[in-house]
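Trainee: Here you go, one structure.
This is the structure:
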């Protein structure tokens with residue numbers, strides 16, 4: 161029974177959501193598409209046999225056969241479109257970053273509280289197979305207490321020149337750093353304070369600084385570091401990385417070593433789909449479960465707000481040249 165209709169705004173990353181149409185065990189189905197590129201819109205609609213295709217996202221909001229709106233537009237449009245979807249009575253999946261300011265985050269939190277609708281932030285890192293396995297170990301107590309954690313997202317962004325990321329322009333502190341910041345928050349909890357450096361790398365002509373180093377202090381007492389490097393030539397390393405140091409064990413990417421052992425264990429486990437496509441499918445199935453069983457999504461709107469608050473504190477730290485406290489109450 162395919163009775164949970166989805167309307168997708170933005171057919172970049174948003175195209176991955178269409179995979180749910182081929183999952184017989186899921187009640188999710190994409191019923192509407194929106195994109196400002198009319199040629200791409202027509203091509204994707206024809207390929208996937210989606211009859212509702214529009215360049216105006218408001219047409220998706222007006223349909224009774226659509227219960228969920230997926231927001232995959234440029235970062236600076238997320239808040240406007242997600243707020244409109246909530247006002248129209250739709251559940252929301254919003255790709256990262258949830259928005260680009262604390263003021264927008266406050267509006268989204270209030271709207272979700274007011275409507276009682278489900279709001280999932282599409283942080284794909286939480287749905288990477290080995291990060292999920294590592295988090296399971298943490299919840300089972302097998303890593304002990306976290307003392308140190310670090311994560312990175314490194315990506316030469318020059319291939320996106322000529323897109324909205326240059327024209328808007330995209331703020332990579334929000335649009336990129338939110339990946340590793342949300343990842344370390346998921347493991348270590350709320351961030352109490354950040355001390356951040358930001359600079360240009362001299363590789364691209366993007367109008368904003370593209371390289372960031374965050375030193376972190378968590379409310380738990382743990383410390384950590386996050387790297388976001390986007391104005392670079394891509395290095396011979398994984399684009400995304402995570403290291404978690406606990407009192408009983410340590411994780412580095414897809415390996416774990418427990419205290420007293422000498423050989424690491426693999427965290428890899430079979431998944432039906434890999435890469436971004438698989439991660440998107442997994443978080444859509446998570447959202448489906450949250451809607452049907454009235455559960456809280458993870459990450460939810462407050463997780464999104466706290467991540468944006470950490471990014472905003474990062475910019476403030478860069479301006480002031482000193483540590484800045486992070487707002488966590490929303």
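Residue numbers (my numbering): 161 to 490.
We put the beta carbon where it would ideally sit given N, CA and C, even for glycine.
These figures come from a predicted structure and were not determined experimentally.
#1: For the beta strand (DSSP E) holding residue 415, just list the boundary residues, first then last.
#2: Scan the stretch 293-367 and note each continuous beta strand (DSSP E) run of 3 residues or more that stays entirely inside, going in chain order.
#3: Measuring alpha carbon to alpha carbon, tell me which of 243, 249, 236 and 233 ends up nearest residue 222.
#4: Please report the straight-line C-alpha distance between residue 292 and residue 286, rounded to a whole angstrom.
#5: With distances taken Cα to Cα, identify the nearest neighbour of residue 362 among 377, 318 and 309.
#6: With DSSP as the reference, label residue 436 as helix, strand or coil.
#7: Threshold first: 3 residues or longer. Then list the beta strand (DSSP E) segments lying entirely within the stretch 208-271, N to C.
#8: What are the residues that DSSP puts in a beta bridge with residue 194?
#9: Which of helix, strand or coil does DSSP assign to residue 378?
#10: Out of 377, 295 and 265, which one is the CA nearest neighbour of residue 494?
#11: Which residue's Cα is closest to the Cα of residue 239: 281, 351, 396 and 301?
#12: Residue 413 to residue 346, Cα distance in whole Å?
#13: Whole angstroms is fine: what's the gap from residue 269's alpha carbon to residue 384's?
#14: So residue 403 is in the beta strand (DSSP E); what residue range does that whole segment cover?
#15: With C-beta atoms as the reference, is residue 209 less than 9 Å away from residue 189?
#16: Starting from residue 426, follow its DSSP beta bridges and name the residues at the other end.
#17: Cβ atoms of residue 165 and residue 216: under 9 Å apart, would you say?
#18: By Cβ distance below 6 Å, which residues in the same chain neighbour residue 488 in space, the five residues on each side in sequence not counted?
#19: Counting pairs of Cβ atoms below 8 Å between the stretch 460-477 and the stretch 304-317, do you hit three or more?
#20: From what residue to what residue does the alpha helix (DSSP H) around residue 385 run?
#21: Using a 10 Å radius around the Cβ and a threshold of 16 neighbouring Cβ atoms, would you call residue 422 buried or exposed?
#22: Going by beta carbon distance, what residues of the same chain come within less than 6 Å of residue 336, once the five residues before and after it are set aside?
#23: When you compare the CB positions of residue 378 and residue 352, do they come within less than 9 Å of one another, or not?
#24: Would you call residue 330 buried or exposed, if buried means 16 or more other Cβ atoms sit within 10 Å of its Cβ?
#25: Give the C-beta separation of residue 407 and residue 304 to the nearest angstrom, bearing in mind that I take them to be a contact with Cβ-Cβ under 8 Å.
#26: Out of curiosity, what's the CA-to-CA distance linking residue 172 and residue 343?
#27: Which value, in whole angstroms, describes the spacing of the CA atoms of residue 214 and residue 452?
#28: Assign residue 284 to buried or exposed, taking buried as 16 or more other Cβ atoms, counted over all protein chains shown, within 10 Å of its Cβ.
#29: According to DSSP, simplified to helix, strand and coil, what is residue 206?
#30: Taking all protein chains shown into account, decide if residue 428 is buried (16 or more other Cβ within 10 angstroms of its Cβ) or exposed.
Mentor: Taking the geometry as given:
#1: Counting along the chain, the beta strand (DSSP E) containing residue 415 begins and ends at 415-418.
#2: Counting only unbroken stretches of 3 or more residues, the beta strand (DSSP E) elements lying wholly within the stretch 293-367 are 306-314 and 351-359, in sequence order.
#3: Cα-wise, what sits closest to residue 222 is 249.
#4: Their backbone Cα atoms lie some 6 Å apart in a straight line.
#5: In this structure, 318 is the residue among 377, 318 and 309 with its C-alpha nearest to the C-alpha of residue 362.
#6: It is helical.
#7: Here the runs fully enclosed are 212-214, 228-231 and 251-255.
#8: Bridge partners of residue 194: 169 and 214.
#9: Shown here, residue 378 sits in a strand according to DSSP, grouped into three states.
#10: Coverage of the chain is limited to positions 161 through 490, which leaves residue 494 absent and any answer about it impossible.
#11: It is 281.
#12: Taking the straight line joining both Cα atoms gives about 15 Å.
#13: Taking the straight line from one Cα to the other gives about 27 Å.
#14: Counted as a single uninterrupted DSSP element, the beta strand (DSSP E) harbouring residue 403 occupies residues 400-406.
#15: Cβ distance not < 9 Å, so residue 209 and residue 189 don't count as in contact.
#16: 415, per the DSSP bridge assignment.
#17: Going by C-beta atoms, residue 216 is not nearer than 9 Å to residue 165.
#18: Non-local C-beta neighbours of residue 488 in its own chain, meaning closer than 6 Å and more than five positions away in sequence, comprise 350 and 466, ordered along the chain.
#19: Judged by pairs of C-beta atoms under 8 Å, the stretch 460-477 does not touch the stretch 304-317, as fewer than three such pairs exist.
#20: Not the alpha helix (DSSP H): residue 385 falls in the beta strand (DSSP E), residues 383-389.
#21: Counting Cβ neighbours within 10 Å, residue 422 comes out exposed, since fewer than 16 surround it.
#22: Excluding residues within five positions, the ones whose Cβ falls inside 6 Å are 313, 388 and 390.
#23: A contact, by the Cβ cut-off of 9 Å.
#24: In this structure residue 330 is buried. Its beta-carbon is surrounded by 16 or more other beta-carbon atoms within 10 angstroms.
#25: Indeed, because the Cβ distance is near 3 Å, the residues count as touching under 8 Å.
#26: Approximately 23 Å between the Cα atoms of the pair.
#27: Computed Cα separation, rounded: 28 Å.
#28: By the neighbour-count criterion, in which a residue is buried when 16 or more other Cβ atoms sit within 10 angstroms of its Cβ, residue 284 is buried.
#29: In the three-state reduction of the DSSP assignment, residue 206 falls in the helix class.
#30: So residue 428 counts as exposed.
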